[in-house]
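A short write-up of the structure that comes next.
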Amino acid sequence: MLTSIPVGWLWLLAAASLALSTWLLGSWIPLRKFRIAYPVVMTAGGALLVTVCRWNDIGLSGALVMYACAHIGLTVGLLPQRTLFREILDRWRRGEPTHHLKAPPRHQLFLAASVVTVLLAGFALTR
29 MLTSIPVGWL WLLAAASLAL STWLLGSWIP LRKFRIAYPV VMTAGGALLV
79 TVCRWNDIGL SGALVMYACA HIGLTVGLLP QRTLFREILD RWRRGEPTHH
129 LKAPPRHQLF LAASVVTVLL AGFALTR
């Protein structure tokens, strides 16, 4: 279904999902280095994903849809942890230890479930 859309629109979908993910995570983790490094690392990961998909005979449109879905799932999955990110950052800036602060198991489960669910939906939409 999504593979019948022109590739230009899929590039736009991938760029929009990266921009949304960067903007939201940057607002939750307000560190300048993170705001610079996150889009660079995710763009490099996307280029690697497209290369690996090409080697495995998966089309460019399928790779772009999966890349966008991964960003959407990651962003949705990290929603419950945004207050934890802020608390860790505040304590880190004050010089307090942060190693004891961990995400609750239900947040980790929600993250994994949302990424897998959105990726499965993206996979289904490319067939």
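Per the numbering used here, the sequence shown starts with residue 29, numbered consecutively.
We put the beta carbon where it would ideally sit given N, CA and C, even for glycine.
Does the distance from the C-beta atom of residue i to that of residue j stay below 7 Å?
i	j	result
C81	L147	no
S49	T103	yes
V93	T154	yes
I33	F113	no
H99	S142	no
By the three-class DSSP mapping on this structure, what secondary structure does residue i have?
i	result
A131	coil
M94	helix
M29	coil
D85	coil
L117	helix
Using 10 angstroms around the beta-carbon of residue i, count the other beta-carbons present and answer buried if the total reaches 16, otherwise exposed.
i	result
A91	buried
G73	exposed
A42	buried
S89	buried
M70	buried
So, at 6 Å on beta carbons, what are the nonlocal neighbours of residue i in its own chain, with the 5 sequence-adjacent residues on each side left out?
i	result
L137	none
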